[in-house]
Structure formats: C-alpha cells, structure tokens
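Here is the structure we will look at, set down as structure tokens.
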C-alpha cells in the first residue's frame, strides 16, 4: 500500500513539474492571445482588430453574397497584421473570390500601408492614415463597381464603434469630394 501511495505522489509531482516547465515554452511558442504579442509600435492602434471573425451582412447588396467574413491575425514577428476575407454565398459556403493581405508599417516611406491580392491575382495597395477611431485607405482600382470602368480613385474609411464592432465605408472621388458608394457594419464573433 505504501509503495503504491508513494508512486502516485511521485507521478503527480513529476507531472506538475513537467507542466510547469513546459508552460513558459508553450507561451513563447504560441501565445493564446495574439493581442499580447509584441507588435511594431506604428501598428499598435490597429491591434484591436486581431482575433475572432469579423462578419458583415451583405444580403441587401447586389452580387449574390450573404455576408463577408474577415479574420485578422498578427504576423509572428509583429511587423504586420495579416488578414483574409471570404465572401459567403446564400447557402452559407465561401465563394471562390476571397482575398488576403497585410497592414504594415513601411519604414522606407515612413507610412502605414495596406495591400491585398484578390482571387484574380490583382494587387490593391495604398497608404493608411489614422485619425482617432477612424482609419482611411486610399487607392486606385477599376471603377466598374461605380459605373466608370477604368482607373478610379477610391477611399475606404473604417470607423471603430467598439472593440468588437466597426463601420466600413467605400467612397469614390467625385471632383474634389468623396462620394459614399456603400457601407457595411462588421461585428466580431469568436472563431
């Protein structure tokens, strides 16, 4: 009986020691919460985007999508916030026209930049500016979406509503002004 009890105590203590020794290694290798990982200082204001799945209802827009899902994660070296966007069809399955990209600080130009590649291998990129809880990206792309095929100036405004909600607006240049095209409300859910 005594041997059995001693063996159980030894096994339990050994297991505790092993878990205690492994915990710091696990924390360094794969942090449970990317929001506590190191990040480039210029990207700190965007850290709130990291984690979960951001969803927006698109069922009232033309194009046959039900929703958009975007996931943001922090690159292992903390120098970029990576994202993937999936367009979800009426049946709930992803459509083949998603895209992926990065939000990063470009040390050479001394500005924050966003770029993404779509399912047709077209790259969109542009500078990002931040004013309080709103960040803005400007870029040039095909204007077919607004009825003007060919190069067209666009702007996207992302207005943070809370840590788990933001409003996304696409605008196009109209002379010296910017004209809203459409907007989406994104909400973060676990995922």
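Numbering (my numbering), first residue to last: 34 to 224.
Every residue gets a Cβ at the ideal spot worked out from N, C-alpha and C, and that includes glycine.
All values reported here derive from a predicted model rather than from experimental measurement.
Spatial neighbours of residue i within its chain, please: CB distance less than 8 Å, with the 5 preceding and 5 following residues excluded, ordered by chain position.
| i | result |
| --- | --- |
| residue 220 | 87, 88, 89, 197, 198 |
| residue 215 | 94, 202, 203 |
The beta strand (DSSP E) that contains residue i, what's its start and end?
| i | result |
| --- | --- |
| residue 128 | Here residue 128 belongs to no beta strand (DSSP E), and DSSP marks it neither H nor E. |
| residue 158 | 156-164 |
| residue 107 | 100-107 |
| residue 150 | 144-150 |
| residue 92 | Neither: residue 92 is in no beta strand (DSSP E) and is coded neither H nor E. |
| residue 22 | Examination of residue 22 is not possible in this model, given that the chain is present from 34 through 224 alone. |
| residue 114 | 113-121 |
| residue 134 | 132-139 |
| residue 76 | Run containing residue 76: none; DSSP gives neither H nor E here. |
| residue 203 | 198-207 |
| residue 217 | 210-222 |
| residue 176 | 167-176 |
By Cβ distance below 7 Å, which residues in the same chain neighbour residue i in space, the five residues on each side in sequence not counted?
| i | result |
| --- | --- |
| residue 182 | 175, 176 |
| residue 192 | 166, 167, 199, 200 |
| residue 138 | 73, 75, 76, 145 |
| residue 179 | 185, 205, 214 |
Check the Cβ-Cβ distances between residue i and every residue of chain B, and say whether any is below 7 Å.
| i | result |
| --- | --- |
| residue 102 | Absent here is chain B; the protein component of the structure consists of one chain. |
Whose CA, out of the options, lies closest to the CA of residue i?
| i | options | result |
| --- | --- | --- |
| residue 143 | 79, 154, 161 | 161 |
| residue 112 | 208, 119, 193, 70 | 70 |
| residue 247 | 200, 192, 74 | Outside the modelled stretch of the chain, which goes from 34 to 224, sits residue 247, for which no answer is possible. |
| residue 172 | 151, 179, 147, 154 | 147 |
| residue 131 | 155, 218, 179, 80 | 155 |
| residue 208 | 186, 78, 96 | 186 |
| residue 218 | 159, 136, 179, 103 | 103 |
State the CB to CB distance for the pair residue i and residue j, rounded to an integer number of angstroms; the pair is presumed to be in contact (CB under 8 Å).
| i | j | result |
| --- | --- | --- |
| residue 98 | residue 122 | 6 Å |
| residue 109 | residue 119 | Going by Cβ atoms, the distance from residue 109 to residue 119 rounds to 22 Å, so no, they are not a contact pair. |
Considering only residues of the same chain and omitting the five flanking positions on each side of residue i, which have a CB-CB separation below 6 Å?
| i | result |
| --- | --- |
| residue 82 | 105 |
| residue 60 | Caution applies to residue 60, whose pLDDT of 33 falls short of 50 and renders its modelled position unreliable; the value that the coordinates give is listed next. Hits under 6 Å: none found. |
| residue 78 | 163 |
Between the beta-carbon of residue i and the beta-carbon of residue j, is there less than 7 Å?
| i | j | result |
| --- | --- | --- |
| residue 190 | residue 205 | no |
| residue 223 | residue 85 | yes |
| residue 114 | residue 163 | no |
| residue 101 | residue 117 | no |
| residue 149 | residue 157 | yes |
| residue 152 | residue 129 | yes |
| residue 211 | residue 188 | yes |
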